[in-house]
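Quick notes on the structure that follows.
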Amino acid sequence: GAKMAAPANEWLSCTLPASNPACDARRAAMSPVLFVSLLLLVAPCRGDAGYDMDEFLKREYSLTKPYQGVGSSSSSHWDLMGTAMITPEHVRLTPDLQSRLGAVWSRIPCFLRDWEMKVQFKIHGQGKKNLNGDGMALWLTKERMQNGPVFGNMNRFTGLGIFVDTYPNEDKNERVFPYISAMVANGSQLYDHDHDGRPTELGGCTALVRNVNHDTFLLIRYMQNRLTVMMDIDGKQDWRECLDVPGVRLPKGYYFGASSATGDLSDNHDLISLRLYQLTVHRTPEEEERDLEEITLPSVDNMPLWNAVEKQDGMSGVTLFFTILFSIIGIFVLVVVAVVLYGRWKEKSRKRFY
Ligand SMILES: [Ca+2]
Numbered sequence: 213g214a215k216m217a218a219p220a221n222e223w224l225s226c227t228l229p230a231s232n233p234a235c236d237a238r239r240a241a242m243s244p245v246l247f248v249s250l251l252l253l254v255a256p257c258r259g260d261a262g263y264d265m266d267e268f269l270k271r272e273y274s275l276t277k278p279y280q281g282v283g284s285s286s287s288s289h290w291d292l293m294g295t296a297m298i299t300p301e302h303v304r305l306t307p308d309l310q311s312r313l314g315a316v317w318s319r320i321p322c323f324l325r326d327w328e329m330k331v332q333f334k335i336h337g338q339g340k341k342n343l344n345g346d347g348m349a350l351w352l353t354k355e356r357m358q359n360g361p362v363f364g365n366m367n368r369f370t371g372l373g374i375f376v377d378t379y380p381n382e383d384k385n386e387r388v389f390p391y392i393s394a395m396v397a398n399g400s401q402l403y404d405h406d407h408d409g410r411p412t413e414l415g416g417c418t419a420l421v422r423n424v425n426h427d428t429f430l431l432i433r434y435m436q437n438r439l440t441v442m443m444d445i446d447g448k449q450d451w452r453e454c455l456d457v458p459g460v461r462l463p464k465g466y467y468f469g470a471s472s473a474t475g476d477l478s479d480n481h482d483l484i485s486l487r488l489y490q491l492t493v494h495r496t497p498e499e500e501e502r503d504l505e506e507i508t509l510p511s512v513d514n515m516p517l518w519n520a521v522e523k524q525d526g527m528s529g530v531t532l533f534f535t536i537l538f539s540i541i542g543i544f545v546l547v548v549v550a551v552v553l554y555g556r557w558k559e560k561s562r563k564r565f566y
């Protein structure tokens, strides 16, 4: 009834501000069944503060002050890598110095179906605008603790990457940096650093997060195979949508992480907190059944780019076999021709000699 509608609205406002048109549209699109289920399932989150979701906070996947034991204790849920350093105020992934690489990785694989991660971070440095770099990334991947060129993490990763790219490598003016984008890969797609990941991005937006005086937040939500990234970066406690992609299929058992790298240009990349919330969603029996089908590789529905990128990536076994075979035949023919020509030439010169 009318009384029961209150907690659900409060819950929705926990994560989606009422003034957000995307939020209104989604709320309107929600089926009555789902709506009623939400009422029952999320009632504990009721609270005066619009953002009270502590009941659903998963401490084992969260990283918060004072970062007790991170990088030193065997009981910590997180590992540090590279230049990442703990201070009382933040986890500094890289300092404002050239050629640094730092990361923090969860030790526990995530088996939650629906979740959202609230990230507080700070990117700041001495460099003037567009003379700073390279940015930071948030991960949910099969691999962990790997070095590489994708904001400090390996390339050809398996899973999800959200990038806060602070340097425009591609010299185009159509895009204002820092720019947030998302990529899902199954281990064969390459993040194209020279083009700021354009060929593989699922969506993105400009986010002026560098050298600002207020707190900056990202919200990554994965709910019913829908990936949504929102940001609160203007110091107004207001979430703005950055990207929203349906049909994102991520296997379970992957690791959360955050990484950052500097090159010729640098910045301080500070992670202040990662808060991981479990989302409770009602599913119909059919949806439950579909969800039980084991996904082994990440994928995105209706993404023609997906196949194109994969095909571009190396030759198939058959193509490779014939390429090698014809190369060998070609070289053999050339050698035979050369031997025959040499023999004739020698014979001629001998005849001339005598
Ligand atoms: Ca870049």
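Residue numbers (the numbering used here): 213 to 566.
Ideal placement from N, C-alpha and C gives every residue a C-beta, glycine not left out.
Original post:
Which residues bound the beta strand (DSSP E) around Arg502?
Top reply: In the sequence shown, residue 502 corresponds to position 290, counting from 1. Run containing Arg502: none in the beta strand (DSSP E); it sits in the alpha helix (DSSP H), Pro497 to Leu504.
Original post:
At which residues does the beta strand (DSSP E) containing Phe389 begin and terminate?
Top reply: As a first step, residue 389 must be located in the sequence shown, where it is residue number 177. First-last for Phe389: undefined, no H or E at that position.
Original post:
If we ignore side chains and look at the alpha-carbon of each, how far apart do Leu455 and Glu328 end up?
Top reply: Translated into the one-based positions of the sequence shown, residue 455 becomes position 243. Translated into the one-based positions of the sequence shown, residue 328 becomes position 116. Whole-angstrom Cα-Cα distance: 14 Å.
Subject >> Whole runs of the beta strand (DSSP E) within the stretch 372-415, excluding any shorter than 3 residues >> reply: 391-398
Original post:
Is any heavy atom of ligand 1 found at a distance shorter than 7 Å from the C-beta of Pro380?
Top reply: To locate residue 380, count along the sequence shown from 1; it is residue 168. The answer is yes for Pro380.
Subject >> Cβ pair Asp291, Gly283 closer than 8 Å >> reply: Working through the sequence shown from its first residue, we reach residue 291 at position 79. Working through the sequence shown from its first residue, we reach residue 283 at position 71. It is a contact, given that the beta carbons lie within the stated cut-off.
Original post:
What do you get for Trp557, buried or exposed, if any count of 16 or more other CB atoms within 10 angstroms of its CB means buried?
Top reply: Walking along the sequence shown from the start, residue 557 turns up at place 345. Exposed: under 16 other Cβ atoms inside 10 Å.
Subject >> Alpha-carbon to alpha-carbon, Pro390 and Thr418 >> reply: What you label residue 418 is simply residue 206 of the sequence shown in a count that begins at 1. What you label residue 390 is simply residue 178 of the sequence shown in a count that begins at 1. Their backbone Cα atoms lie some 6 Å apart in a straight line.
**OP:** Enumerate in chain order the residues of its own chain whose CB-to-CB distance from Tyr403 is below 7 Å, with the five nearest sequence positions on each side excluded.
**Re:** Stepping through the sequence shown from its first residue, residue 403 is reached at position 191. Hits under 7 Å: Val362, Asn367, Met395, Gly409 and Thr412.
**OP:** Please find out if some non-hydrogen atom of ligand 1 comes closer than 7 Å to the beta-carbon of Asp326.
**Re:** The count along the sequence shown starts at 1 and reaches residue 326 at position 114. It does not: the Cβ of Asp326 is nowhere closer than 7 Å to a heavy atom of ligand 1.
**OP:** Identify which residue in Arg387, Val303, Gln436 and Thr295 has its Cα closest to the Cα of Pro496.
**Re:** As a position in the sequence shown, residue 496 is number 284, starting the count at 1. Per the sequence presented here, residue 496 reads as Thr, with Pro not at that position. That would be Gln436, whose Cα lies nearest to the Cα of Thr496.
Original post:
Where do the ends of the beta strand (DSSP E) carrying Gln332 lie?
Top reply: Numbered from 1 along the sequence shown, position 120 holds the residue referred to as residue 332. That run of the beta strand (DSSP E) goes Trp327 to His336.
Original post:
Thinking just about the alpha-carbon of each residue, which of Arg325, Gly347, Val457 and Leu509 is nearest to the one in Ala315?
Top reply: Locating residue 315 in the sequence shown gives position 103, counting from the first residue. Looking at the Cα atoms, Gly347 is the closest of the given residues.
**OP:** Confirm the yes/no value for this check: CB of Asp408, any heavy atom of ligand 1, distance under 7 Å.
**Re:** For the purposes of this step, residue 408 is identified with residue 196 of the sequence shown, where counting begins at 1. True, at least one ligand heavy atom lies under 7 Å from that Cβ.
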